[in-house]
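Quick note: the sequence shown uses our numbering, first residue 1319, plus one each step.
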Amino acid sequence: MTSTSPPPDATEVDLLLRLARRWRSLGLQEAAGHALSPHQERALLALARLSRRLAEGGDDDGGGVRVSHLADHLGIAPRSATEVADALESAGLLSRSPDPTDRRAVLLALTPEGRHTVGRVRDRRRAAADAAVSALSPADRAELRRLLHELLEA
């Protein structure tokens, strides 16, 4: 057994968590060749998700997402979210504006270049996942799809 092989007594949950860690690690390796750090990519994708949720829920007046909301979503300190936002703003991927409902708060919004970058990051991550799954036989892929649907509906 190699050091990357799971132990023979690994449970299904152990294996799912191990797979998630491996894909996250592959994402970090992929991101290493790009201009953004993995943390910046994660924040950029989170900002896109949060913006979409606000728009779909009718809560978005076009202003953006509060830094505190981004920090909560990422599970990081507000100061850390501010630092990541600083870097993304410097890269031209997001803009800041004052929150019209709270003078103390700042709203973050993706710029057109930020939205384009989100698309590129998602495409790259999807290609990596597709490559991993393509190693399975068609029958195994169908079974995986069936099992994943069951898990999602549970």
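Glycine included, C-beta positions come from ideal geometry on N, C-alpha and C.
Cβ shell of residue i (< 7 Å), same chain only, five flanking positions each side left out
i, result
"THR1400", "VAL1385"
"GLN1358", "VAL1402, ALA1405 and LEU1406"
"LEU1454", "LEU1462"
"LEU1476", "With the chain running from 1319 to 1472 in the structure shown, residue 1476 is simply not present."
Same chain, Cβ closer than 8 Å to residue i, neighbours up to 5 away in sequence not counted
i, result
"ARG1440", "LEU1363"
"THR1429", "GLY1410, LEU1411, LEU1412 and SER1413"
Boundaries (first-last residue) of the beta strand (DSSP E) holding residue i
i, result
"LEU1412", "1412-1417"
"ASP1420", "1420-1428"
Per-residue burial, residue i [other beta carbons within 10 Å of its own, 16 or more giving buried]
i, result
"VAL1331", "exposed"
"THR1435", "buried"
"VAL1451", "exposed"
"SER1369", "buried"
Beta-carbon proximity list for residue i, same chain, < 6 Å, skipping 5 on both sides
i, result
"ALA1389", "PRO1396 and ALA1399"
"ARG1438", "none"
Bounding residues of the alpha helix (DSSP H) (the contiguous stretch that carries residue i)
i, result
"THR1400", "1396-1408"
"PRO1325", "It is not in any alpha helix (DSSP H) - PRO1325 carries neither H nor E in the DSSP assignment."
Beta bridge counterpart(s) of residue i as assigned by DSSP
i, result
"ARG1442", "DSSP lists no partner for ARG1442."
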